[in-house]
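Colleague: One gets this note's numbering by counting positions in the sequence shown from 1 and adding 1 to each.
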Amino acid sequence: MNTFSDIVQTMPPYLFSRFQKKKEELLKLGVDVIDLGIGAPDLPPPSFVIEALKEALDAPEHYTYSPYGGCREYREAVARFYEREYGVKLDPETEVLALIGSKEGIVHLLQAVLNPGELALVPDPGYPVYRTAVHFARGQSRSLPLDAQHGYIPRFDALPSSVYDQAKIMFLNYPSNPTAAAVDLDVLAEAVSLARRHRMFIAHDAAYSFVTFAGFQAPSILQVDGAKEVAVEFGSLSKSYNMAGCRIGYVVGNRDMIRALSVIKSNTDTCQFIPIQKAAVAALTNGRTFIRENSRIYEQRMNMMAERLRELGIDVQRPKATFFLWIPVYDGYSSERFAAKLLEEAGVIVTPGTAFGSAGEGYVRVSLSAPMERLEQAVERWKQVDWEESAP
Numbered sequence: 002m003n004t005f006s007d008i009v010q011t012m013p014p015y016l017f018s019r020f021q022k023k024k025e026e027l028l029k030l031g032v033d034v035i036d037l038g039i040g041a042p043d044l045p046p047p048s049f050v051i052e053a054l055k056e057a058l059d060a061p062e063h064y065t066y067s068p069y070g071g072c073r074e075y076r077e078a079v080a081r082f083y084e085r086e087y088g089v090k091l092d093p094e095t096e097v098l099a100l101i102g103s104k105e106g107i108v109h110l111l112q113a114v115l116n117p118g119e120l121a122l123v124p125d126p127g128y129p130v131y132r133t134a135v136h137f138a139r140g141q142s143r144s145l146p147l148d149a150q151h152g153y154i155p156r157f158d159a160l161p162s163s164v165y166d167q168a169k170i171m172f173l174n175y176p177s178n179p180t181a182a183a184v185d186l187d188v189l190a191e192a193v194s195l196a197r198r199h200r201m202f203i204a205h206d207a208a209y210s211f212v213t214f215a216g217f218q219a220p221s222i223l224q225v226d227g228a229k230e231v232a233v234e235f236g237s238l239s240k241s242y243n244m245a246g247c248r249i250g251y252v253v254g255n256r257d258m259i260r261a262l263s264v265i266k267s268n269t270d271t272c273q274f275i276p277i278q279k280a281a282v283a284a285l286t287n288g289r290t291f292i293r294e295n296s297r298i299y300e301q302r303m304n305m306m307a308e309r310l311r312e313l314g315i316d317v318q319r320p321k322a323t324f325f326l327w328i329p330v331y332d333g334y335s336s337e338r339f340a341a342k343l344l345e346e347a348g349v350i351v352t353p354g355t356a357f358g359s360a361g362e363g364y365v366r367v368s369l370s371a372p373m374e375r376l377e378q379a380v381e382r383w384k385q386v387d388w389e390e391s392a393p
């Protein structure tokens, strides 16, 4: 009998799928499930983006293949966006590449960068796709340790110099999914300096850079002098403009990495549907006010949830960015048992910290991508659970 590839057979279990299955079982029983596990916006995109999409759909010439690297208009819009927001100049021909969502780009980048057996450094806790991308490329991954004591900011000296000598690429993600940690430019500058010394690439995932609170502005790694020599940055319109289903993003920075990634992509996809790219141009060009209002809504939700959870005895740190709260579980519970009990007894889904790596044990991620009234209901149900019952 034929078997599947060892990549498929050795894939680690996807923790999210188990909770999704349980959610479906409860829904069939008529349980009203409040899903605070998924990191997908519940808010609509800007009306002017929808109008731009509608207009583009009416043009018959937009139903052909897109240029492999993305439409020139879209790549130029990304370049203008970076100059306006960060003061960073980009060549739209060689330093900008359109993606079918940043997740796709991350996976394909590792196909372009890693040879079998080569080492990639991934944050722990961190977005699971980084480790999955290394696995698909038949590389080796090693954790870049992050912990609450240091605010989930990397301590680059925690790993010996020999590890950086061996590493081909290092992933960073700020503002962070799942921890909601944010960094200033000096941390990214330290990373660039490290990468230049050790001839190592950096992939900075900046998907949440425009969901920020209290006046915080998340930096771009490309603002660091010399960053283009070693780094690319991934951006997404999913979170900033609530366009998650459109699957549109970009990667910018080091032209050699982008050229290598474009080789992989041109042989595996033909980029995103042109009307989606037209809508993204409208978002990047006219979306500044929308971003501020979007962030204001998430900040209101965050403030309410943080206050209410503190009333339940949970030590909640208010983040500067993202729409996540990263919270410690009660004594006597593992992350998975805590999340399972909350789902089974309250019908509320949160994501166990172990879904993001072993360093996530003892925490759960709570998504704020639900209306205020649903968040309030979730807290009320949370309060009714008998947490004194010891975990098995």
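Note that beta-carbon positions come from the ideal geometry of N, C-alpha and C, so glycine has one too.
All values reported here derive from a predicted model rather than from experimental measurement.
Which value, in whole angstroms, describes the spacing of the CA atoms of P47 and T95?
Modeller: Computed Cα separation, rounded: 29 Å.
Colleague: Whose CA, out of A245, A182, G236, lies closest to the CA of Q318?
Modeller: Residue A182 is the option with its Cα nearest to Q318.
Colleague: Could you have a look at S370 and say whether DSSP puts it in helix, strand or coil?
Modeller: Coil at S370, not helix or strand.
Colleague: For the putative contact between W383 and V349, defined by C-beta atoms under 8 Å, what is the C-beta separation to the nearest angstrom?
Modeller: Between V349 and W383 the Cβ distance is about 6 Å, and since that is below 8 Å, they are a contact.
Colleague: So is L120 buried or exposed if we call it buried at 16+ other beta carbons inside 10 Å?
Modeller: Buried is the call here.
Colleague: Hey, is the region 306–322 in contact with the region 336–352, meaning 3+ C-beta pairs nearer than 8 Å?
Modeller: Too few Cβ pairs lie closer than 8 Å, so no.
Colleague: Would you decide whether D166 is buried or exposed? Buried here means 16 or more other CB atoms lie within 10 Å of its CB.
Modeller: It is exposed - the Cβ of D166 has fewer than 16 other Cβ atoms within 10 Å.
Colleague: State the Cα-Cα distance for the pair R197 and G333, rounded to the nearest angstrom.
Modeller: Roughly 44 Å between the two C-alpha positions.
Colleague: On the DSSP bridge assignment, give the partners of P146 in chain order.
Modeller: DSSP lists D125 as partners of P146.
Colleague: Should H151 be labelled buried (16 or more other beta-carbon atoms within 10 Å of its own) or exposed?
Modeller: Burial call: exposed.
Colleague: Using 8 Å as the limit for Cβ to Cβ distance, is E312 near chain D?
Modeller: Looking at the structure shown, chain D is missing, and only one protein chain is on hand.
Colleague: Quick one: residues in its chain with C-beta nearer than 7 Å to the C-beta of V97, no 5 flanking neighbours on either side, listed in chain order?
Modeller: Cβ within range, chain order: R76, V79, A80, L91, Y251, V253.
Colleague: Starting from V50, trace the alpha helix (DSSP H) in both directions and tell me its first and last residue.
Modeller: Its alpha helix (DSSP H) spans residues 48–58.
Colleague: Which whole-angstrom value describes the C-beta separation of L223 and A232, a residue pair presumed to lie in contact below a C-beta threshold of 8 Å?
Modeller: L223 to A232, Cβ: 7 Å. Contact.
Colleague: Could you tell me which residues DSSP pairs with F214 in its beta bridges?
Modeller: Beta-bridge pairing links F214 to no other residue.
Colleague: How many angstroms separate the CA atom of E345 from the CA atom of G31?
Modeller: Cα to Cα, the separation comes out at about 13 Å.
Colleague: Can you give the Cα-Cα distance for R1 and L44, rounded to whole angstroms?
Modeller: Here the chain has residues from 2 to 393 only, and residue 1 is not among them.
Colleague: Taking buried to mean at least 16 other C-beta atoms within 10 Å of its own C-beta, is P42 buried or exposed?
Modeller: P42 comes out buried.
Colleague: Under 8 Å, with one C-beta from each stretch per pair, do the region 273–291 and the region 56–69 reach the 3-pair mark?
Modeller: Yes, the region 273–291 touches the region 56–69.
Colleague: Assuming K279 is part of the alpha helix (DSSP H), what are its boundary residues?
Modeller: 275–287 is the extent of the alpha helix (DSSP H) around K279.
Colleague: What residue range is occupied by the uninterrupted alpha helix (DSSP H) comprising A168?
Modeller: Looking at the DSSP string, A168 is not in any alpha helix (DSSP H); the run it does join, the beta strand (DSSP E), is 168–174.
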